Amino acid sequence: MENWQIVWEARDSLISGLFTTIEIFLIGSVLAFLLGCLVVYLLEQAGPWLRRALRVAIDLMRTLPFLIFAYLLYYGLPSLGVRLDAWTAGLIALVIYHGAYFAEMLRGARLVMPAGGVEAARACGFHGFTLFRRILLPQLLIRVRPLIGNQLIYCLKDTAFLTIITVNELTAAANSIQAIYFIPMEAFVAVIGLYWMVSIVIELLVKWAGRFGRKRGFDHV
Amino acid sequence: MNSQTWLLLLEGAWTTVWISAVSIAIGVVLGLGIALVRMLRIPFVDQLLVLYVSIARATPLVTLVLFIFLVAPTFGIVMNRNLAAILALTLNTAAFNAEIWRGAFLSFSKEQREAAMACGMTPWLCFRRIMLPQMITVSLPGLVNEMSFLIKGSPAIAVIGIVDLTRVTNRISAVTYEPLPPILAAALLYMVVIYALIQLQALAEWRAHRLAV
Amino acid sequence: MSEVPVVSLEGVSKSFNGVEVLRDIHLEVARGEVVSVLGASGSGKSTMLRCINWLEQPDRGTVKINGEHIGVDAQGKQMSVRALASLRARTGMVFQSFNLWPHLTVLQNVIEAPVHVKRIPRSRAVEEALALLDKVGMGHKRDAYPYTLSGGQKQRVAIARALAMAPEVLLFDEPTSALDPELVGEVLAVMRALSLDGYTMVVVTHEMEFARAVSDQVVFLDKGKLIERAPPERFFTAPESERVQRFLATHR
Ligand SMILES: Nc1ncnc2c1ncn2[C@@H]1O[C@H](COP(=O)(O)OP(=O)(O)OP(=O)(O)O)[C@@H](O)[C@H]1O
Ligand SMILES: [Mg+2]
Chain X
1 MENWQIVWEA RDSLISGLFT TIEIFLIGSV LAFLLGCLVV YLLEQAGPWL
51 RRALRVAIDL MRTLPFLIFA YLLYYGLPSL GVRLDAWTAG LIALVIYHGA
101 YFAEMLRGAR LVMPAGGVEA ARACGFHGFT LFRRILLPQL LIRVRPLIGN
151 QLIYCLKDTA FLTIITVNEL TAAANSIQAI YFIPMEAFVA VIGLYWMVSI
201 VIELLVKWAG RFGRKRGFDH V
Chain R
1 MNSQTWLLLL EGAWTTVWIS AVSIAIGVVL GLGIALVRML RIPFVDQLLV
51 LYVSIARATP LVTLVLFIFL VAPTFGIVMN RNLAAILALT LNTAAFNAEI
101 WRGAFLSFSK EQREAAMACG MTPWLCFRRI MLPQMITVSL PGLVNEMSFL
151 IKGSPAIAVI GIVDLTRVTN RISAVTYEPL PPILAAALLY MVVIYALIQL
201 QALAEWRAHR LAV
Chain Y
1 MSEVPVVSLE GVSKSFNGVE VLRDIHLEVA RGEVVSVLGA SGSGKSTMLR
51 CINWLEQPDR GTVKINGEHI GVDAQGKQMS VRALASLRAR TGMVFQSFNL
101 WPHLTVLQNV IEAPVHVKRI PRSRAVEEAL ALLDKVGMGH KRDAYPYTLS
151 GGQKQRVAIA RALAMAPEVL LFDEPTSALD PELVGEVLAV MRALSLDGYT
201 MVVVTHEMEF ARAVSDQVVF LDKGKLIERA PPERFFTAPE SERVQRFLAT
251 HR
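Protein chains in written order, with my numbering: chain X, 1 to 221; chain R, 1 to 213; chain Y, 1 to 252.
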């Protein structure tokens with residue numbers, strides 16, 4: 001059990017790694033979610049050209065691994081004169097990449113939503129952003145709720161890729177501890193346990209948020 | 001980019017594809033196995049599998065690859081990089097596949113099973129001839145979707161030094177000092193593979209839909 | 001009559017994919033008038049109704065609400081989305097499939113547009129909404145969610161929602177067609193009460209009894225053409241067109 005002692009003594013670096021992971025995950029997923037909403041709003045409002053461009057952009061992200069996109073921003077952009085530090089590049093990658101997935105999720109829900117509710121809103125004089133914010137978005141959110149937890153966990157896991165572009169997050173912390181003290185087993189078990197705990201918290205929060213939909217008679221919520 | 005770098009890229013792509021393909025193949029079968037064992041509801045084993053699925057779903061691939069590659073030697077196991085990569089990808093994808101198979105299993109209608117029993121089929125025959133073919137059709141869209149997620153996660157194996165399609169761009173730019181072209185080229189290759197899988201998924205969805213009506 | 005009609009359609013035509021669904025429709029609805037729209041399925045009744053609040057955009061012709069152009073102005077220029085919306089807010093529409101907003105309670109459904117479109121203070125909107133809900137007999141369900149209501153109850157809430165905008169005209173598109181027979185009566189009773197209150201109404205319906213008892217005018221659409229317009233007594237007893245005679249013979 002001496003090895004666990006070492007992990008405990010090295011807890012500061014684990015905690016700072018966890019903090020970086022959670023920070024980048026929280027900021028990233030919140031912004032990604034807002035970006036997804038914005039894109040769906042634009043899909044609703046925009047002319048055919050912008051719509052097509054957005055659809056292509058979404059599909060582009062869906063056919064790329066997250067890491068290669070992060071590579072593009074971190075290693076690729078400097079040749080165009082844009083130099084980002086690893087943390088910023090990672091965050092932007094997370095926001096755009098997962099923003100596209102959120103957008104796709106909401107778009108899918110929009111496609112199967114009955115037209116009547118929106119029509120009734122139009123007939124009442126709703127239009128533009130108010131129509132989106134008050135009538136459309138709440139219903140879309142209730143519908144995609146079962147998928148949001150999953151997407152957030154993907155987002156959390158994708159933050160670990162950022163260790164490869166040298167962000168000092170949780171996995172990087174485990175790697176450096178094991179390299180210094182030669183205790184890979186304990187270091188990684190601790191870190192996997194932390195990821196697991198964070199994901200459970202995410203799922204509980206999403207489930208708790210689901211009461212909103214259940215009360216309104218949306219099934220499978 | 002000259003033909004030399006394209007050749008390197010294709011080599012990286014090949015590494016990505018074969019390691020992913022092996023992991024997918026094992027993962028699909030292993031997932032089915034896990035789902036079947038879970039249907040038996042063996043005490044303790046069942047809880048263990050639930051725990052495995054839950055942890056595997058939450059563990060980033062990068063972390064898992066590092067864990068397996070670094071921990072094996074401490075048990076005196078000599079772990080080759082490719083083997084570690086396949087093991088990690090398989091453990092990850094099997095957890096997701098198990099859930100997909102289980103979903104298909106649980107949604108299988110009782111009436112059909114009863115109809116098969118009424119025809120005098122044994123449970124095993126009923127499983128093989130009636131259930132499994134339908135489960136495959138129903139699960140296929142999910143399984144193919146999971147395959148594209150596995151490929152999107154596969155760059156994680158770069159972390160233990162495997163030169164896959166992502167990592168190879170570092171190699172190339174170390175020589176050419178122009179990182180953008182190889183990264184874009186690699187992105188293009190990924191897009192081709194994953195786009196093909198997405199199309200396949202649409203086809204599978206169409207077939208599954210036909211079964212449902 | 002010198003008073004401006006609440007609704008006027010002049011020469012409205014509309015095609016879908018090259019098929020003419022409305023042909024040169026002329027219709028005027030005076031204040032306080034109840035107009036029933038009859039016609040076979042597919043004759044263009046819904047399309048005509050939806051042209052009134054521009055949910056459907058006519059290809060030709062003009063539509064006016066209270067003398068004001070809707071959709072395109074007198075010069076034929078497209079209205080801004082905002083201007084169109086504020087004109088729509090002056091009409092109320094009731095749909096065959098209710099179209100209540102499922103994420104809102106009964107009361108919230110009714111005050112949603114007054115508060116967020118008309119920007120009426122919330123407390124006043126609530127007060128008015130409760131009065132309207134009582135009027136349609138749904139006051140006791142103010143905090144229920146739509147999925148808990150029967151079809152007839154949903155439709156009565158939808159009517160309250162339309163009334164909450166204090167509309168100059170109420171548009172009904174087969175409000176009872178999606179209801180079980182035993183629930184039709186409660187909705188028709190509410191509509192009858194509204195007509196007595198002096199609301200201006202355009203009602204697409206298959207309920208002959210209702211059309212006969214409540215309307216001031218009955219119009220008949222056939223293949224997109226408005227071929228008969230008459231007070232109910234004359235429409236149901238001595239229609240001019242042979243097409244209407246046949247229609248009535250099969251729908252008695
Ligand atoms: N959005 C649309 N796109 C294409 N065709 C349409 C559309 N809406 C209506 N139509 C067609 O226009 C014609 C008239 O439709 P409309 O809904 O106005 O008829 P209706 O008189 O209301 O019929 P019903 O009694 O069945 O409701 C129909 O042939 C219909 O198929
Ligand atoms: Mg109709």
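For each residue, glycine too, the CB sits at the ideal point set by N, CA and C. Just so we're clear, the structure is a prediction, and the values are computed from it rather than from any experiment.
Ligand 2 heavy atom lying under 7 Å from the CB of residue i
i: Y:Glu174; result: yes
beta-carbon residue i near ligand 1 non-hydrogen atom, thresh 7 Å
i: R:Phe69; result: no
i: Y:Lys45; result: yes
i: Y:Gly39; result: yes
i: X:Asn175; result: no
i: Y:Val106; result: no
i: Y:Gly61; result: no
i: X:Asn150; result: no
i: Y:Gly42; result: yes
i: X:Val206; result: no
i: R:Val45; result: no
i: R:Val62; result: no
i: Y:Val21; result: yes
Cutoff 7 Å; reference residue i; Cβ partners in own chain excluding five residues on either side
i: R:Arg171; result: Leu8, Val163
i: X:Leu91; result: Ile24, Ile27, Gly28
i: Y:Ile159; result: Val94, Val136, Val190
i: R:Leu200; result: Val144
i: X:Ile68; result: none
i: R:Pro181; result: Met1
i: R:Gln112; result: Ile130
i: R:Pro73; result: Met79
i: R:Met117; result: Cys126
Residue(s) in a DSSP beta bridge with residue i
i: Y:Arg229; result: Y:Val219
i: Y:Phe172; result: Y:Val94, Y:Val203
i: Y:Lys64; result: Y:Ser8, Y:His69
i: Y:Gln78; result: Y:Val72
Same chain, Cβ closer than 8 Å to residue i, neighbours up to 5 away in sequence not counted
i: Y:Asp73; result: Met79
i: R:Arg215; result: Outside the modelled stretch of chain R, which goes from 1 to 213, sits residue 215 of chain R, for which no answer is possible.
i: X:Ile183; result: Asn3, Ile6, Val7, Ile177
Environment of residue i [buried if 16+ CB atoms lie within 10 Å]
i: X:Gln5; result: exposed
i: Y:Ser177; result: exposed
i: Y:Tyr147; result: exposed
i: X:Lys215; result: exposed
i: Y:Gln217; result: buried
i: R:Pro133; result: exposed
i: Y:Ser97; result: buried
i: X:Pro114; result: exposed
i: Y:Asp173; result: buried
i: Y:Gln75; result: exposed
i: R:Ser109; result: exposed
i: X:Cys155; result: buried
i: Y:Glu242; result: exposed
i: Y:Ser150; result: exposed
Cβ-based neighbour list, residue i, same chain, cut-off 6 Å, excluding 5 preceding and 5 following
i: R:Ala156; result: Leu61, Val62, Val65
i: R:Leu32; result: Trp101
i: Y:Pro58; result: Val12, Lys14, Cys51
i: X:Gly99; result: Ala32, Leu35, Gly36
i: X:Phe87; result: Reading off the sequence shown, one finds Trp at residue 87 of chain X, where the question assumed Phe. Answer for X:Trp87: Val167, listed in chain order.
i: R:Ala158; result: Asp164, Thr166, Arg167
i: Y:Glu186; result: Gly152
i: X:Phe218; result: Ile142
i: R:Trp18; result: none
Test: residue i CB closer than 8 Å to a CB of chain B
i: Y:Arg82; result: The structure shown contains no chain B; its protein chains are X, R and Y.
Distance cut-off 7 Å: residue i Cβ against heavy atoms of ligand 3
i: Y:Asn17; result: Ligand 3 is not part of this structure, which contains only ligand 1 and ligand 2.
Report task. Scan the region 2 to 62 of chain Y and note each continuous alpha helix (DSSP H) run of 4 residues or more that stays entirely inside, going in chain order. Result -> As for any alpha helix (DSSP H) of minimum length 4 sitting wholly inside the region 2 to 62 of chain Y, the runs are 45 to 52, ordered along the chain.
Report task. Please specify which runs of the alpha helix (DSSP H), each continuous and at least 4 residues long, are wholly inside the region 77 to 147 of chain X, giving them in chain order. Result -> Taking only runs of at least 4 residues, the alpha helix (DSSP H) segments lying wholly in the region 77 to 147 of chain X are 86 to 111, 116 to 123, 128 to 131.
Requested in this report: Please list the segments of the alpha helix (DSSP H) lying wholly inside the region 82 to 140 of chain Y, counting only runs of 4 or more residues, in order along the chain.
Outcome: Unbroken alpha helix (DSSP H) stretches of 4 residues or longer found wholly inside the region 82 to 140 of chain Y: 106 to 116, 122 to 135, given in chain order.
Report task. List in chain order: all unbroken alpha helix (DSSP H) runs of 4+ residues lying wholly within the region 70 to 139 of chain R. Result -> Every alpha helix (DSSP H) of 4 residues or more that sits fully in the region 70 to 139 of chain R is shown, in chain order, as 81 to 106, 110 to 118, 123 to 126.
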